[in-house]
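Peer 1:
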Amino acid sequence: MPAMFFLADFFGVSNGTFLHWMLAISLTLLVLDVFCNTEFLSWISMLVFAFWGTMQFELPLQWLVLVYIVILILCAAFYYTLWTHCVRRLVMDVILRRAPKEAQENLAGTRGRIVGQGENLSVKYGDQFLPVADECRQMLSAGDSVVITSVKDGFATVRPEQP
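The sequence shown lines up with residues 1 to 163 when you count with the numbering used here.
This is the structure:
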């Protein structure tokens, strides 16, 4: 494991201490990502954890690459099956339940006017524009008054305003 010895010597720590720091960094990034709600930190965490797991084996380099890929695949499977569906939702529901909603989540009930045509339909509310969801486009044309019913992934679901 010349790579691990090189990195440990570079940082001036023993091999065991270096591996413990790698694991601590990986877990810290994963926990931070729960609150930041991005996948970027989680992927960095998985890459670091896969490196940590690979350094647990004393194998030739070509086998270490294979072990790294297998551990990375297992980390991704764990992350997308258990972490995103259970742990993140649990944290959001238990710890962050009183956190303020995103600005677009508060748009339900807001009145607006349809602008654009065809695939480029947007709803204008105040000075802002929001694209209209695909399922709502058939019944709308430019100039219609609408009420925003929900916003998901940056697209507004709207219904025509009742006169």
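Built from N, CA and C at the ideal position, the CB exists for glycine as well. All figures in this text were calculated on a predicted structure; none of them were measured in a lab.
How many angstroms separate the CA atom of Val147 from the CA atom of Asn37?
Peer 2: 29 Å
Peer 1: Work out the CA separation of Phe51 and Cys136 for me, nearest whole Å.
Peer 2: 47 Å
Peer 1: Out of Arg159, Val151, Pro131 and Phe155, point me to the one whose CA is closest to Asp144's CA.
Peer 2: Arg159
Peer 1: What is the rounded straight-line gap between the Cα of Leu140 and the Cα of Leu47?
Peer 2: 47 Å
Peer 1: Which partner residues does Ala156 have in the DSSP bridge list?
Peer 2: The secondary-structure analysis by DSSP pairs Ala156 across a beta bridge with Val132 and Val151.
Peer 1: For Val123, report the span of its beta strand (DSSP E) as first-last.
Peer 2: Ser122 to Tyr125
Peer 1: At what residues does the beta strand (DSSP E) containing Cys116 begin and finish?
Peer 2: One detail in the question is off: residue 116 reads as Gly in this sequence, not Cys. Careful: Gly116 lies outside any beta strand (DSSP E) and carries neither H nor E.
Peer 1: By alpha-carbon positions, which one of Glu119, Gly118 and Lys124 ends up nearest to Gly112?
Peer 2: Lys124
Peer 1: Between the C-alpha atoms of Ser122 and Leu107, what's the straight-line distance to the nearest angstrom?
Peer 2: Cα to Cα, Ser122 sits roughly 14 Å from Leu107.
Peer 1: Quick check on Ser42: does DSSP put it in helix, strand or coil?
Peer 2: Helix, per DSSP.
Peer 1: Quick one: what does DSSP say Ser26 is sitting in, helix, strand or coil?
Peer 2: helix
Peer 1: Use the C-beta contact count for Cys75: other C-beta atoms within 10 angstroms, 16 or more gives buried, fewer gives exposed.
Peer 2: Burial call: buried.
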